[in-house]
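Enquirer:
Numbering (the working numbering), first residue to last: 5 to 348.
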């Protein structure tokens, strides 16, 4: 049946069509002329590399303060099986912890240089861990899989995704665009196309807004924004460390916030209790993972000092470590007092 177009000049004329069929609207009324970025229209001749057409979302109290959002996020977290540790799980496995550390650090460098959204890197690491926990690959294919995970994460969590040519360039052309396309379909099939996984970044703002002392978005709350920035850095650091594979995202987020507050030596009454309740974990688990994060931070700071702050976390951790190294060192020294019998 051919679509019928109403004549806007003769509103009283009724076409000979069944009464159950709705009238077709005027084609002119279907024209969408809204513009998302006026500056982009005014400077249409600018090249893509010099313009940013992405639209950043802002603080929405109706979303972050709604109790159903947190409960729904925790439900989705419980529905997804956490990736198992795939190191030495099989005699045929070629992926070792240091290999995963190297490729994760490389992925973080790529995200930092491209100024990706802060949620892209944790999601890419989560996709990598979920895929490697179910599939055996050769060590020569690890960077290829990492490239595909970066591609999928950028498509999911930000407006401008990585191009195939750019990812190939970052690998010194050791992979081809065609191999990226092939492995993208393979990884999507293995993950059942479920690529929008829950990460620790999804919990940070929800946890901070529920602790009135460190709500990050009001301009008057200076400590809140600093705690958030440090917590995001710690989450990125946890993503590069093999020891944190398999932990729940809510536990990592709560532990990162707790480690940030302790490192800044801020007063927080019952913060461990509040975070453990909101993340549905025990206080022993929270303190144990927080102490592990502090140990990793201390060792990372020492490595970057020896390397002249040239590591992949240099930009983020250097801002954290200024004036805070002694605080984290004292936290690490007290971490040895925590019972080693705490099981996560």
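Positions of the beta carbon are idealized from the N, C-alpha and C atoms, including for glycine. Keep in mind it's a predicted model, so treat the numbers as computed, not measured.
Would you list, in sequence order, the uninterrupted alpha helix (DSSP H) runs of no fewer than 4 residues that lie entirely inside the region 163-239?
Expert: Segments of the alpha helix (DSSP H) lying fully in the region 163-239: 168-174, 181-194, 205-213.
Enquirer: In angstroms with no decimal places, state the Cα-to-Cα distance between residue 112 and residue 281.
Expert: Taking the chain shown and counting its residues from 1, the one referred to as residue 112 is at position 108. Taking the chain shown and counting its residues from 1, the one referred to as residue 281 is at position 277. When rounded, the distance between both Cα atoms is 31 Å.
Enquirer: Do you know offhand how far residue 239's Cα is from residue 186's?
Expert: Walking along the chain shown from the start, residue 239 turns up at place 235. Walking along the chain shown from the start, residue 186 turns up at place 182. Distance between the alpha carbons of residue 239 and residue 186 is about 30 Å.
Enquirer: What's the gap between the Cα of residue 279 and the Cα of residue 120?
Expert: Here residue 279 refers to the residue found at position 275 when the chain shown is read from its first residue. Here residue 120 refers to the residue found at position 116 when the chain shown is read from its first residue. Each residue's alpha carbon lies about 28 Å from the other.
Enquirer: Buried or exposed: residue 311, going by 16 or more other Cβ atoms within 10 Å of its Cβ?
Expert: Position 307 of the chain shown holds residue 311. So residue 311 ends up on the exposed side.
Enquirer: Do residue 256 and the ligand GTP come close, with the Cβ less than 6 Å from some heavy atom?
Expert: Ligands are entirely absent from the displayed structure, and the ligand GTP is therefore not among its contents.
Enquirer: In three-state DSSP terms, what is residue 115?
Expert: Within the chain shown, residue 115 is the residue found at index 111, counting from 1. DSSP places residue 115 in helix when its eight states are reduced to three.
Enquirer: From which residue to which residue does the alpha helix (DSSP H) around residue 307 run?
Expert: Here residue 307 is taken as the residue at index 303 of the chain shown, counted from 1. First-last of the alpha helix (DSSP H) with residue 307: 287-310.
Enquirer: Could you check the C-alpha separation between residue 102 and residue 272 for me, to the nearest Å?
Expert: Counting from one through the chain shown, the residue named residue 102 turns up at place 98. Counting from one through the chain shown, the residue named residue 272 turns up at place 268. Approximately 36 Å, taken between the alpha carbons.
Enquirer: Measuring straight from C-alpha to C-alpha, what distance separates residue 195 and residue 89?
Expert: Taking the first residue of the chain shown as position 1, residue 195 is located at position 191. Taking the first residue of the chain shown as position 1, residue 89 is located at position 85. Their Cα atoms are separated by approximately 17 Å.
Enquirer: Quick check on residue 142: does DSSP put it in helix, strand or coil?
Expert: Against the chain shown, residue 142 aligns to sequence position 138. Residue state, collapsed to three classes: coil.
Enquirer: In or out: residue 134 buried (at least 16 other Cβ within 10 Å) or exposed?
Expert: The residue you call residue 134 lines up with position 130 of the chain shown. By the 10 Å Cβ count, residue 134 comes out buried.
Enquirer: If I measure Cβ to Cβ from residue 142 and keep anything under 7 Å in the same chain, skipping five residues before and after, which residues do I get?
Expert: The count along the chain shown starts at 1 and reaches residue 142 at position 138. So the list reads 98, once near-sequence residues are dropped.
Enquirer: Nearest by alpha-carbon distance to residue 266: which of 304, 130, 231 is it?
Expert: Stepping through the chain shown from its first residue, residue 266 is reached at position 262. That would be 231, whose Cα lies nearest to the Cα of residue 266.
Enquirer: Would you call residue 72 buried or exposed, if buried means 16 or more other Cβ atoms sit within 10 Å of its Cβ?
Expert: Locating residue 72 in the chain shown gives position 68, where the first residue counts as 1. Classification of residue 72: exposed, given that the 10 Å Cβ count is below 16.
Enquirer: Please classify residue 259: does DSSP put it in a helix, a strand, or coil?
Expert: As a position in the chain shown, residue 259 is number 255, starting the count at 1. If DSSP states are grouped into helix, strand and coil, residue 259 belongs with the helices.
Enquirer: When we look at the beta-carbon of residue 264 and count the other beta-carbons within 10 Å, is it buried (16 or more) or exposed?
Expert: For the purposes of this step, residue 264 is taken as residue 260 along the chain shown, with counting starting at 1. Counting Cβ neighbours within 10 Å, residue 264 comes out buried, since at least 16 surround it.
Enquirer: Kindly give me the distance between the Cβ atoms of residue 123 and residue 161, rounded to whole angstroms, as I take these residues to be in contact under 8 Å.
Expert: Taking the chain shown and counting its residues from 1, one reaches residue 123 at position 119. Taking the chain shown and counting its residues from 1, one reaches residue 161 at position 157. Rounded, the Cβ-Cβ distance is 5 Å, consistent with contact.
Enquirer: Report buried or exposed for residue 65, applying the criterion of at least 16 other Cβ atoms within 10 angstroms of its Cβ.
Expert: Translated into positions along the chain shown, residue 65 becomes position 61. Exposed is the call here.
Enquirer: Applying the criterion that 16 or more other CB atoms from any shown protein chain within 10 Å of the CB defines a buried residue, is residue 173 buried or exposed?
Expert: For the purposes of this step, residue 173 is taken as the residue at position 169 of the chain shown. Flag for residue 173 reads exposed.
Enquirer: Return the Cβ separation of residue 303 and residue 108 in integer angstroms, given the expectation that the two are a contact with Cβ distance under 8 Å.
Expert: By 1-based counting over the chain shown, the position of residue 303 is 299. By 1-based counting over the chain shown, the position of residue 108 is 104. No, residue 303 and residue 108 are not in contact; Cβ-Cβ is about 16 Å, not under 8 Å.
Enquirer: Within the continuous alpha helix (DSSP H) that includes residue 132, where are the two ends?
Expert: For this step, residue 132 is matched to residue 128 along the chain shown. Residues 124-136.
Enquirer: Report the rounded CA-to-CA distance for residue 53 versus residue 118, giving the unit in angstroms.
Expert: One-based indexing of the chain shown puts residue 53 at position 49. One-based indexing of the chain shown puts residue 118 at position 114. Caution is warranted here: a pLDDT of 43 is assigned to residue 53, below 50, making its placement in the model unreliable, and the coordinate value is therefore given only provisionally. Using only the alpha carbons, I get a separation of about 11 Å.
Enquirer: Could you round the C-beta distance between residue 203 and residue 87 to whole angstroms and report it? I think they count as a contact, below 8 Å.
Expert: In the chain shown, residue 203 corresponds to position 199, counting from 1. In the chain shown, residue 87 corresponds to position 83, counting from 1. Residue 203 to residue 87, Cβ: 12 Å. No contact.
Enquirer: Please report how far the alpha carbon of residue 249 lies from the alpha carbon of residue 289, in whole angstroms.
Expert: For this step, residue 249 is matched to residue 245 along the chain shown. For this step, residue 289 is matched to residue 285 along the chain shown. The straight-line gap from Cα to Cα measures roughly 15 Å.
Enquirer: From residue 114 to residue 269, what distance separates their C-alpha atoms?
Expert: Along the chain shown, read from residue 1 onward, the residue named residue 114 stands at position 110. Along the chain shown, read from residue 1 onward, the residue named residue 269 stands at position 265. Roughly 32 Å separates the two Cα atoms.
Enquirer: Which residues bound the alpha helix (DSSP H) around residue 276?
Expert: Your numbering for residue 276 matches position 272 in the chain shown. Segment 275-283, the alpha helix (DSSP H) holding residue 276.
Enquirer: Using the C-alpha atoms, what's the distance from residue 226 back to residue 138?
Expert: If you number the chain shown from 1, residue 138 lands on position 134. If you number the chain shown from 1, residue 226 lands on position 222. When rounded, the distance between both Cα atoms is 43 Å.
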